[in-house]
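Here is the structure we will look at, set down as structure tokens.
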Amino acid sequence: MSKTSTEDMRCQATRESEQFSDATSDFKPDSIQFIRQVLNCEIRAIELLSKSLGSEVCEFANAMIACNGRIVVLGVGKSGIIGMKFAGILASIGCPAYFMHATEAVHGDIGSLKFGDVLIALSMSGETTETVDAAFAATKLGASLLVITGNPNSTLASFASCVLSIPVQSEADAFNIIPTASTTAMLALSDGIALLLSHRKKTSAEELSRFHPAGSIGRRLLMKVDVLMKCDEDIPRVSQYQSVEIAVRTMTAGKLGIVLVSTPENELLGIFTDGDLRRLVDADIKWLQKDIRDVMTPNPVTVEETISAISCLQIMTRRKISAMPVIDELKKIVGIIHLHQLIDAGIG
């Protein structure tokens, strides 16, 4: 390459850099409004999709549930990226699924399909050559073809057993070209289908934990209450014959807003909370010298030490409880769990 041509390239690069700098230095408050317009366009696409859904979604899901082989998600480009995520979330709920790139499919990978497999082809236009060719070849191998497309009259849709249409009025860019609203709608639809399958399969938290052994999801699903709870001398507790005054002092020292009332054999009789204390004060009675058994809440909500932390959080949220006793299989007190412990552990 000559010295002159090299200098010309450097000059061109400098001019392009300056143009980019000029464009990016002029951000103003109306830029926020511009982004809001983009988001609103994508919101409208999802709303339109939601209103257009019919019985074909059930047919689509039924075909996936009835699959005796594997579920293969096919796509290329932006649809391929969504397809990868779709296959990933299916696998994470226990559906045997994987992603196949349409270009690789027409160069031999389609040979991995067999009779009984389900191929889900994603393409907004329904005319992408690689996707159409791969999907057609899959049907010849005995795989069932399901299609998600923005064009229900496309070539791809013409030989599918079930088609889900994505009716997008326009993309979010000024030229109605850049895949934005359409890809958002396709992604949302694939999420909906995956979660419908999980709901139909009645996937439990324990099953999900087997598929997510690591990371924050694994921590939320696998962590048990006994890892987080306060135990032994950190449990604020009193005897049923001790006074309310002693119970209040014990509760204050425990810093959990709750004190457990138990027998000498460690059996739970009841609880006394800071809310109970406020209600006693409002009643304006001579309560300090009363036995705690006279003002405690008997038969409180409890959890067993083997319950998952996320299930414990769900119970506490549903019952509007900030702290509760933890018991073993013999109903003996083994600990106390507070909402903050769950949140601090990343469960909430």
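Residue numbers (the numbering used here): 5 to 352. The C-beta atom is built at its ideal place from N, Cα and C for all residues, glycine as well.
Please classify D121 as buried or exposed, where buried requires at least 16 neighbouring CB atoms within 10 angstroms. buried
Give the range of the beta strand (DSSP E) segment to which R297 is assigned. From DSSP, R297 is part of no beta strand (DSSP E); its letter is neither H nor E.
Can you tell me whether F24 is buried or exposed? The criterion is at least 16 other CB atoms within 10 Å of its CB, across all chains shown. For F24, the predicted structure reports a pLDDT of 48, less than 50, and the residue's modelled location is therefore unreliable. A value from the coordinates is still provided. The residue is exposed, with fewer than 16 neighbouring Cβ atoms inside 10 Å.
Take D278 and list the residues in its own chain whose beta-carbon comes closer than 6 Å to its own, dropping the five residues that flank it on each side. G261
Short of 6 Å in beta carbon distance, which residues of its chain neighbour G73, apart from the five on each side in sequence? Order them along the chain. G120 and D121
How big is the Cα-Cα spacing for E46 and I152? 18 Å
Which one of A178, C316, I93 and Q173 has the shortest CA to CA distance from R48? Q173
Counting only beta-carbon separations shorter than 8 Å, does T187 have a partner in chain C? Checking the listed chains, one finds no chain C in this structure; it contains a single protein chain.
Quick check on the DSSP output: the alpha helix (DSSP H) that includes A185 runs from which residue to which? A185 to K205
Element boundaries [alpha helix (DSSP H), containing S35]: D34 to S56
Would you say A139 and L149 are within 8 Å of each other, going by their C-beta atoms? yes
Sub-8 Å separation of T188 and I93 beta-carbons: no
According to DSSP, is A109 part of a helix, a strand, or is it coil? helix
Rounded to a whole number of angstroms, what is the C-alpha to C-alpha distance between A251 and A327? 16 Å
Using the DSSP secondary-structure output, state which residues sit across from K324 in a beta bridge. According to DSSP, K324 bridges with nothing at all.
Between which two residues does the alpha helix (DSSP H) carrying L343 extend? L343 to D348
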